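Participant:
Residue numbers (our numbering): 236 to 1040.
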């Protein structure tokens, strides 16, 4: 082998003298019996060499390095050639076109591994050590010879390119990206080398000061997808000139060309994963020179195209007046074609490993852009203003020590975790009197995602349930802020809250009677109201189900420190002053925190995130949930744990300027406030049922229960439901007839479940012989009948545990 040659074996078997290229042809692979010896070269002894092998591991040739006296280097190809009269020898001659890649044998044995392309064999070896999960390859001949290599082995592979930190490196990376795309690579990306890296730095060099290997891996995983310039096929008669789109009548060449619009580019044709929702991605500049991009759904052109032209005009693109010009522009948009493709989606949020916002996409996109494309056009509040540092300084730091504010900011980062961690949707409702600062909570949380306009990022409950479906879908995997629950119809508030947390809208029919796909979403929403969900439903005479109150959790907005939502004023004179400050800060800085969060989050393995959330849930429940808590309480605790995990993650990412434990402390404080307001850790429907039965006995104990053991001649019982009797201590115990227990005491409840629960808590004395919840007892005028024996201590108990009977 070449690396095992002794100095004597490096003697000449040929010379460096030039001969006509056509006289010597490389033989590939090199026969096994050929001596491994270098020919003499004027540079002297090589300082390094790299073997090029084919997919089976056979030798194809070498790249040989010489260090020059002036400090430079020269890397030359060495191949085994056949020359005149069949003579064979090693020659300083390049590989034949197309040239093989360095690392073909590794590509062939690691078919599922991602590929990293670097410039130079030395860098390839070093990169292979740094990034063992990647197969590292390079092409022979240096930075200007990328186009001469055979990139076909990268067909169907995912490839990233790490350029050297110089102009030649950038040119090489772009050339490789184009070549690998044309060769059929399914994904090609180029690493963005930080600007503070030294000039000419490559992966064979030491990591620059202030950086580390973990950052290098993050740069590699976050490499930006390569966008290849695609050919656009102009429909017949149309041309795009410097000042706009023109149409020339093909039947009348002497007639002047008609200008249809200002200039724009057709960047790609769009479609969804099923090959539907086709459209075109357009880019233009308005009259102020600001760029605009818009994925236009071609379905908008089904009529006269007015909706599409309206959005182009709104974005500052000139559109010629007149029906003829408008129709020709519509025809162009409907028929123009380009080779470039982009993936269209109809809602924001996660799509596989990509997170889509209306104006930006994060994460892995499999080599093509993923864009939000809507028939309604852009209408959202996911806007950006100010900087992350200003947001942290002017707003986020004031949440330290303020549990409600810290919980809301942590909750703002939680929605993207729902999909990654497999968590359920749900909401937090901050309940309290007017002017307590509840809207301030929403303003702060909403600033994480966006703002602008009168209401900023806040939406209102004042809508139909159908209207809120569209709002929910427009906030999928993002935060939804709903202000003032009091504005919604109390008859639908329960179902609407359940719908928002359940992640799906109603099934509806199209005009032809076929089913329309219902809206779907994953959502974590924050709400405010002067009334709780139960109190709001009571306005319409409705009682909330346990599932509804679990999905929308009522947390007291008042933090209990005499300052409304605040516990710490951070040097401001009054709670009102701090509230105004946060409001002002939320109008100056918004939208960037969520983008900084998504950039980092999208680079982490989802399994790691799921594991971290699961561990956080277990730790939160162990620390804050009673051991005998109901499943409903555990479910709510899981939501607070998710919020704590999100806030902690945002803190670790450097987005929230807090200590690591701040988010968990806020979540625990608010969870305990919810638990205290709820009245305990039992099942909500059981506690509600017990309270209902207790109210019935308190209201009708004398009027509808016939006394036993006393003179009843003057007692008149109307609509009797049972009997009552005093025990030895003078307390009343009740014997309720089964029908009345089911229809009146347990109206709207599961009477069987309530009876079993009351037995378990000692509130009902069961049949000790038959094991039934109802006993057999002789009752006046009725004989031996079944009835429920409610213990006297029931009216004295708090409903949380067994009665002391």
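The beta-carbon is built from N, C-alpha and C at its ideal position, and this holds for glycine as well. Source: prediction; values computed, not measured.
(1) Contact defined as beta carbons within less than 8 Å: I believe residue 505 pairs with residue 526. What is the distance between those atoms, to the nearest angstrom?
(2) Is it buried or exposed for residue 328, if we count other Cβ within 10 angstroms and need 16 for buried?
(3) On the premise that residue 378 lies in contact with residue 403, defined as a C-beta separation below 8 Å, what is that separation, rounded to the nearest angstrom?
(4) Identify which residue in 396, 740, 1001 has its Cα closest to the Cα of residue 416.
(5) For residue 618, name the three-state secondary structure that DSSP assigns.
(6) Exposed or buried, residue 887, counting other C-beta atoms within 10 Å across all chains shown (16 or more means buried)?
(7) For residue 522, count neighbouring Cβ atoms within 10 angstroms of its own Cβ and tell me buried if that reaches 16, exposed if not.
(8) What residue range does the beta strand (DSSP E) around residue 519 cover?
(9) Roughly how many angstroms separate the alpha carbons of residue 1016 and residue 775, rounded to a whole number?
(10) Please state whether DSSP places residue 988 in a helix, a strand or coil.
(11) On the DSSP letters alone, give me the boundaries of the alpha helix (DSSP H) that residue 716 sits inside.
(12) What are the start and end residues of each continuous alpha helix (DSSP H) run of 4 or more residues lying completely inside the region 618–677, in chain order?
(13) Run through DSSP, which three-state label would residue 585 get?
(14) Starting from the C-beta of residue 810, find all residues in its chain whose C-beta is less than 6 Å away, skip the five residues before and the five after it, and write them out in chain order.
(15) Taking 8 Å as the threshold (C-beta atoms), are residue 692 and residue 825 in contact?
(16) Check each candidate in 711, 783, 712, 754 and name the one with the smallest Cα separation from residue 728.
(17) Classify residue 399 as buried or exposed, calling it buried when 16 or more other Cβ atoms lie within 10 Å of its own Cβ.
(18) Between which two residues does the beta strand (DSSP E) carrying residue 422 extend?
(19) Can you check the region 874–941 for any beta strand (DSSP E) of at least 3 residues that lies completely inside it and give the ranges in chain order?
(20) Within 8 Å, do at least three Cβ pairs link the region 990–1003 to the region 947–957?
(21) Which class does residue 493 belong to by DSSP, given the choice of helix, strand or coil?
(22) Check the Cβ-Cβ distances between residue 763 and every residue of chain D, and say whether any is below 8 Å.
(23) Can you tell me the Cβ-Cβ gap for residue 904 and residue 638, rounded? I've got them flagged as a contact below 8 Å.
(24) Smallest Cα separation from residue 834: which of 454, 259, 921?
(25) Hey, how far is the Cα of residue 908 from the Cα of residue 667?
(26) How would you label residue 608, buried or exposed, when you count the other beta carbons within 10 angstroms and need 16 or more for buried?
(27) Since residue 514 contacts residue 579 with CB under 8 Å, what's their CB separation in whole angstroms?
(28) Drop a sphere of 10 angstroms on the beta-carbon of residue 923, count the other beta-carbons inside from all chains shown, and report buried for 16 or more, exposed for fewer.
(29) How many angstroms separate the CA atom of residue 702 from the CA atom of residue 769?
(30) Can you tell me which residues form a DSSP beta bridge with residue 278?
(31) Along the chain, where does the beta strand (DSSP E) that runs through residue 1023 open and close?
(32) From this set, 338, 343, 389, which residue's C-alpha is nearest residue 1046's C-alpha?
(33) Could I get the ranges of all uninterrupted alpha helix (DSSP H) runs contained in the region 331–401, with 4 residues as the minimum, in chain order?
(34) Residue 876 to residue 906, Cα distance in whole Å?
(35) Which full runs of the beta strand (DSSP E) of 3+ residues lie inside the region 952–1001, going along the chain?
(36) Hey, is the region 834–850 in contact with the region 891–902, meaning 3+ C-beta pairs nearer than 8 Å?
Facilitator: This is what the structure gives:
(1) Working through the chain shown from its first residue, we reach residue 505 at position 270. Working through the chain shown from its first residue, we reach residue 526 at position 291. With a Cβ gap of about 18 Å, residue 505 and residue 526 do not count as contacting.
(2) Residue 328 sits at position 93 when you count from the first residue of the chain shown. With a 10 Å radius around the Cβ and a threshold of 16 neighbouring Cβ atoms, residue 328 comes out buried.
(3) Position 168 of the chain shown, counted from the start, is the residue given in the question as residue 403. Position 143 of the chain shown, counted from the start, is the residue given in the question as residue 378. At roughly 4 Å, the Cβ-Cβ gap stays under 8 Å, so residue 403 and residue 378 are in contact.
(4) Against the chain shown, residue 416 aligns to sequence position 181. The shortest C-alpha separation from residue 416 is found at 396.
(5) In the chain shown, residue 618 corresponds to position 383, counting from 1. Residue 618: coil per DSSP, three-state reduction.
(6) Here residue 887 corresponds to residue number 652 of the chain shown, with the count starting at 1. Exposed, because fewer than 16 other Cβ atoms sit within 10 Å of the Cβ of residue 887.
(7) Looking up residue 522 in the chain shown gives position 287. Using a 10 angstroms sphere on the CB of residue 522, the tally of other CB atoms stays under 16, which defines it as exposed.
(8) Against the chain shown, residue 519 aligns to sequence position 284. From DSSP, the beta strand (DSSP E) with residue 519 extends over 514–520.
(9) The residue you call residue 1016 lines up with position 781 of the chain shown. The residue you call residue 775 lines up with position 540 of the chain shown. Looking at the two C-alpha atoms, the distance is approximately 42 Å.
(10) The residue given as residue 988 occupies position 753 in the chain shown. If DSSP states are grouped into helix, strand and coil, residue 988 belongs with the helices.
(11) Locating residue 716 in the chain shown gives position 481, counting from the first residue. Taken as a continuous stretch (DSSP letters only), residue 716 belongs to no alpha helix (DSSP H), being part of the beta strand (DSSP E) at 714–718.
(12) 623–629, 638–647, 650–656
(13) Your numbering for residue 585 matches position 350 in the chain shown. In the structure shown, residue 585 sits in a strand (DSSP, three-state: E or B).
(14) The residue labelled residue 810 in the question sits at position 575 within the chain shown. Hits under 6 Å: 798, 799, 801.
(15) Position 590 of the chain shown, counted from the start, is the residue given in the question as residue 825. Position 457 of the chain shown, counted from the start, is the residue given in the question as residue 692. The answer is yes: Cβ separation under 8 Å.
(16) Walking along the chain shown from the start, residue 728 turns up at place 493. If we check each option's Cα against that of residue 728, 783 comes out closest.
(17) Sequence index remark: in the chain shown, residue 399 carries index 164 (1-based). When all chains shown are included, residue 399 counts as buried.
(18) In the chain shown, counting from the first residue as 1, residue 422 sits at position 187. 422–425 is the extent of the beta strand (DSSP E) around residue 422.
(19) none
(20) No, the region 947–957 does not touch the region 990–1003.
(21) Your numbering for residue 493 matches position 258 in the chain shown. Assigned with DSSP and collapsed to three states, residue 493 falls in strand.
(22) Checking the listed chains, one finds no chain D in this structure; it contains a single protein chain.
(23) Translated into the one-based positions of the chain shown, residue 904 becomes position 669. Translated into the one-based positions of the chain shown, residue 638 becomes position 403. Right, the Cβ-Cβ distance comes to about 4 Å (below 8 Å), so this counts as a contact.
(24) On the chain shown, position 599 is the one that residue 834 refers to. Cα-wise, what sits closest to residue 834 is 454.
(25) The sequence position of residue 908 within the chain shown is 673, counting from 1. The sequence position of residue 667 within the chain shown is 432, counting from 1. Going by the C-alpha atoms only, they are around 13 Å apart.
(26) For the purposes of this step, residue 608 is taken as residue 373 along the chain shown, with counting starting at 1. Under this definition residue 608 is a buried residue.
(27) For the purposes of this step, residue 514 is taken as residue 279 along the chain shown, with counting starting at 1. For the purposes of this step, residue 579 is taken as residue 344 along the chain shown, with counting starting at 1. That pair is a contact at about 6 Å.
(28) Taking the chain shown and counting its residues from 1, one reaches residue 923 at position 688. With 16 or more Cβ atoms within 10 Å of its Cβ, residue 923 is classed as buried.
(29) As a position in the chain shown, residue 702 is number 467, starting the count at 1. As a position in the chain shown, residue 769 is number 534, starting the count at 1. Spanning the two alpha carbons is a distance of roughly 22 Å.
(30) Position 43 of the chain shown, counted from the start, is the residue given in the question as residue 278. For residue 278, which the question treats as bridged, DSSP gives no partner whatsoever.
(31) On the chain shown, position 788 is the one that residue 1023 refers to. It spans 1018–1025 - the beta strand (DSSP E) in which residue 1023 sits, taken as one unbroken run.
(32) Outside the displayed span of the chain (236 to 1040) sits residue 1046, for which this structure offers no information.
(33) The qualifying runs are 339–344, 356–365.
(34) Residue mapping note: residue 876 aligns to position 641 of the chain shown, counting from 1. Residue mapping note: residue 906 aligns to position 671 of the chain shown, counting from 1. Cα-Cα distance, rounded: 9 Å.
(35) 957–961, 967–971
(36) no
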